[in-house]
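See below for the structure under consideration.
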Amino acid sequence: MRVMAQMGMVMNLDKCIGCHTCSVTCKQAWTNRAGTEYVWFNNVETRPGQGYPRRYEDQETWKGGWTRTKSGRLKLKAGGRVKKLFGIFTSPVQPELKDYYEPWTYDYKTLIDAPAGDDFPVARPKSLITGKDTDITWSANWDDNLGGVHELGHLDPIVEAVRRESNEKIKFEFEKTFMFYLPRICEHCLNPSCMASCPSGAIYKRVEDGIVLVDQDKCRGWRQCITGCPYKKIYFNHKTGKAEKCTMCYPRLEIGLPTVCSETCVGRLRYLGLFLYDADLVGAAAATENEQDLYEKQLELILDPNDPMVIAEARKQGIPEDWLDAAKRSPVYALAKIYKVALPLHPEYRTMPMVWYVPPLSPVVDLLRDQGHDAEGAGTLFGAIEELRIPVEYLAELFTAGDTSKITEVLRKLAAMRSYMRGIALGQEPDASIPAAVGMSEEELYEMYRLMAIAKYEDRYVIPQAHREQAHDLEEMGCSLDFDDEVGMYENSPFGEASGTPTPVAIETFNALRDRQTSGEAPSADSLRGRVNLLNWDGTGAPEGLFPTKHQHQGEPK
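Here the working numbering is used: the first residue of the sequence shown is 24, the next is one more, and so on.
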């Protein structure tokens, strides 16, 4: 047994209101530079819908993830090393710009400066790639709130799969329509196919917390990682010629702060915490023959942080005591392993994803209430699970490789929690038969309710800080967009104004970044003097602050 720590995330889809705040704040923090106009490390999709990039789940086309050979071994769906070597100088299988979208702005200058006349001036959309007039035909959010689904809904790969299996059409008539929001980031997988696909060895998984990053020094722009990632959460920066991806806001995590998307989430649907897992068993679990068994095999990888044997082995591996304590209090461990209501996204890709989802239940309540039923009564809810407006088969294709029994089990637990706590809220005697019906005690059901419904900030985000004794390792390993001569993370740059000369990540973590993120005041002019914001630099000319001022040469106070 080789115990390793993995930072994981759980999202409760019942709470997502589709406001896209997480996407916008992530965009502002990480991808507001030239070459990343179309890049969304975090995006929120309306399901059903084609997703972003368009139809990314169609692995027959995009060849992402792993496949199991007849001998029981894993190989990349896009082919092994020999096949990649022979085709290394050809364009890999990857979505084109039309599958993402051509980013645009508007010709505001014409709108503002147009002379007076009889016609109203129009700000035409301009491509951020070519600078020419463009027509807006697709975007990262084209399916928002079922926009166009009555015409394009059949192109959703999950809808296609459900139709093939049931031989029934899912109709998109208004009164029968179902929808929910699905926020997506990089899955930071235990068995990442993007890492295995990279010819340069530029993608690596951090030993101390499992975050998957791209070393910009080593990246040569082969783009095989884009093919290899089945979630299409690696992007190509067309200006730098490098691959970029979600970093899970590791500079924030290292000082105990949640990711930007979690911190700004309006619905408070995200949870962050540690998993402990047995690294020796990952390969065998990913090679499980039956795809529908992959979820259970992934659960088996996750170790009990209260087990004395696990604790002893973790200490041997050098995992600090406060990290072990954090693993015991981890909300993601509780939701995924103890209560078993969080599920991985597309386990059939065999990457062992570590961003988990609590499937949505809400629409059944609305439907039952509209029909005049006691919408949250236990008997009514349990009986309606199979008739959910969101088909169980659709959720199963997303989270359990088509196994509807696992989805039904989770939905019954969520329904039991809602019905049980509703009785208490109405002043009724607690009904012990409700949790018993789903194999839980009253205490377990109440604790699950506290975590999912009314958890405090420190309960939702249990994030151990990086250790000073790990500083050298973090400095060597800790940069996705590296330092010298690259667009990327200079001092404090992920979060705004205070970019400057290259600083080792570990030093930044424990000093400048901590002060920046925990201060309630904006940086003063004195603290920012002599620094340059490379995030907002377009790469032409010399940005203000790049060179020292005269008084700095003379040694005067800044």
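A virtual CB, placed ideally from N, CA and C, is assigned to each residue, including glycine.
My understanding is that residue i touches residue j, with C-beta atoms under 8 angstroms, so please give their C-beta distance in whole angstroms.
i: leucine 295; j: threonine 311; result: Actually they are not in contact, since the Cβ atoms of leucine 295 and threonine 311 sit about 28 angstroms apart, beyond 8 angstroms.
i: glutamate 80; j: isoleucine 181; result: 7 angstroms
i: tyrosine 75; j: tryptophan 63; result: 7 angstroms
i: arginine 207; j: glutamate 68; result: 6 angstroms
i: tyrosine 227; j: proline 126; result: With a Cβ gap of about 29 angstroms, tyrosine 227 and proline 126 do not count as contacting.
i: asparagine 65; j: cysteine 269; result: 7 angstroms
i: leucine 434; j: leucine 384; result: 6 angstroms
i: threonine 48; j: cysteine 284; result: 7 angstroms
i: lysine 582; j: threonine 90; result: Not covered by the structure: residue 582. The range shown for the chain is 24 to 581.
i: alanine 146; j: threonine 133; result: 6 angstroms
i: glutamine 340; j: methionine 375; result: With 8 angstroms as the limit, glutamine 340 and methionine 375 do not qualify as a contact, their Cβ atoms being about 19 angstroms apart.
i: isoleucine 413; j: phenylalanine 201; result: 4 angstroms
Going by DSSP, what residues sit across from residue i in a beta bridge?
i: methionine 32; result: Leu295, Val378
i: isoleucine 257; result: Lys268
i: tyrosine 472; result: BP columns for tyrosine 472 are empty, so no partner.
i: aspartate 156; result: Lys149
i: isoleucine 226; result: Val237
i: proline 115; result: In DSSP, proline 115 forms no bridge with anything.
i: arginine 91; result: Leu97
i: valine 26; result: Asp301
i: proline 367; result: Trp379
If we count the other Cβ atoms within 10 Å of its Cβ and call it buried at 16 or more, is residue i buried or exposed?
i: asparagine 35; result: buried
i: lysine 464; result: The displayed chain sequence assigns serine, not lysine, to residue 464. It counts as exposed.
i: glutamine 451; result: exposed
i: asparagine 214; result: buried
i: aspartate 156; result: exposed
i: phenylalanine 203; result: buried
i: tyrosine 362; result: buried
i: serine 94; result: exposed
i: lysine 164; result: In the sequence as presented, lysine is not what sits at residue 164; that position holds asparagine. Burial call: buried.
i: phenylalanine 259; result: buried
i: glutamate 267; result: buried
i: alanine 459; result: exposed
i: arginine 338; result: exposed
i: methionine 512; result: Note on methionine 512: pLDDT 33, under 50, position unreliable in the model; the coordinate value appears next. Buried, since its Cβ has 16 or more Cβ neighbours within 10 Å.
i: arginine 25; result: exposed
i: proline 370; result: buried
i: glycine 170; result: exposed
i: phenylalanine 112; result: exposed
i: glycine 154; result: exposed
i: glycine 31; result: buried
i: threonine 250; result: buried
i: isoleucine 334; result: buried
Which residue marks the beginning of the alpha helix (DSSP H) containing residue i, and which one marks its end?
i: alanine 438; result: 427-448
i: glutamate 68; result: Careful: glutamate 68 lies outside any alpha helix (DSSP H), inside the beta strand (DSSP E) at 66-70.
i: alanine 419; result: 415-422
i: leucine 324; result: 317-324
i: leucine 347; result: 344-351
i: tryptophan 612; result: As displayed, the chain neither begins before 24 nor continues past 581, which places residue 612 out of reach and without an answer.
i: tyrosine 480; result: 480-483
i: tyrosine 129; result: Premise fails: tyrosine 129 lies in the beta strand (DSSP E), 127-129, not in any alpha helix (DSSP H).
i: serine 285; result: 283-286
i: glycine 251; result: 247-251
i: phenylalanine 109; result: 104-109
i: valine 333; result: 331-339
i: serine 456; result: 456-460
i: alanine 163; result: From DSSP, alanine 163 is part of no alpha helix (DSSP H); its letter is neither H nor E.
i: proline 274; result: 273-276
i: serine 464; result: Taken as a continuous stretch (DSSP letters only), serine 464 belongs to no alpha helix (DSSP H), as it is neither H nor E.
i: cysteine 212; result: Looking at the DSSP string, cysteine 212 is not in any alpha helix (DSSP H), and its letter there is neither H nor E.
i: alanine 219; result: 216-220
What are the boundary residues of the beta strand (DSSP E) that residue i is part of?
i: lysine 86; result: Careful: lysine 86 lies outside any beta strand (DSSP E) and carries neither H nor E.
i: isoleucine 206; result: What sits at residue 206 in the sequence shown is proline, not isoleucine. 203-207 is the span of the beta strand (DSSP E), which, as asked, contains proline 206.
Compute the minimum distance between the beta carbon of residue i and the heavy atoms of the ligand ADP, and state whether it is under 8 angstroms.
i: glutamate 60; result: Only the bare structure without any ligand can be found here, which leaves the ligand ADP out of the picture.
Under 9 angstroms, Cβ to Cβ, is there at least one residue of chain D near residue i?
i: glutamine 247; result: The question asks about chain D, but that chain is absent: this structure has only one protein chain.
Exercise. Tell me, please, whether the stretch 235-245 touches the stretch 216-223 by the rule of three or more beta-carbon pairs shorter than 8 angstroms.
Key: Verdict: yes, contact present.
_Quick check: the stretch 170-186 against the stretch 134-147, are at least 3 beta-carbon pairs closer than 8 angstroms?_
Judged by Cβ distances under 8 angstroms, the stretch 134-147 makes no contact with the stretch 170-186, as fewer than three pairs qualify.
Review point. Would the stretch 372-387 and the stretch 345-360 be scored as touching if the rule is three or more Cβ pairs under 8 angstroms?
Key: Counting C-beta pairs with one atom in each stretch, the stretch 372-387 and the stretch 345-360 have three or more that are closer than 8 angstroms, which means they touch.
**Message:** Tell me whether the stretch 273-288 and the stretch 477-487 touch, counting them as touching only if at least three CB pairs, one residue from each stretch, are closer than 8 angstroms.
**Reply:** Verdict: yes, contact present.
Exercise. If we count Cβ pairs, one from each stretch, closer than 8 angstroms, do we get three or more for the stretch 416-431 versus the stretch 314-322?
Worked result: Three or more beta-carbon pairs separated by less than 8 angstroms link the stretch 416-431 to the stretch 314-322, which places the two stretches in contact.
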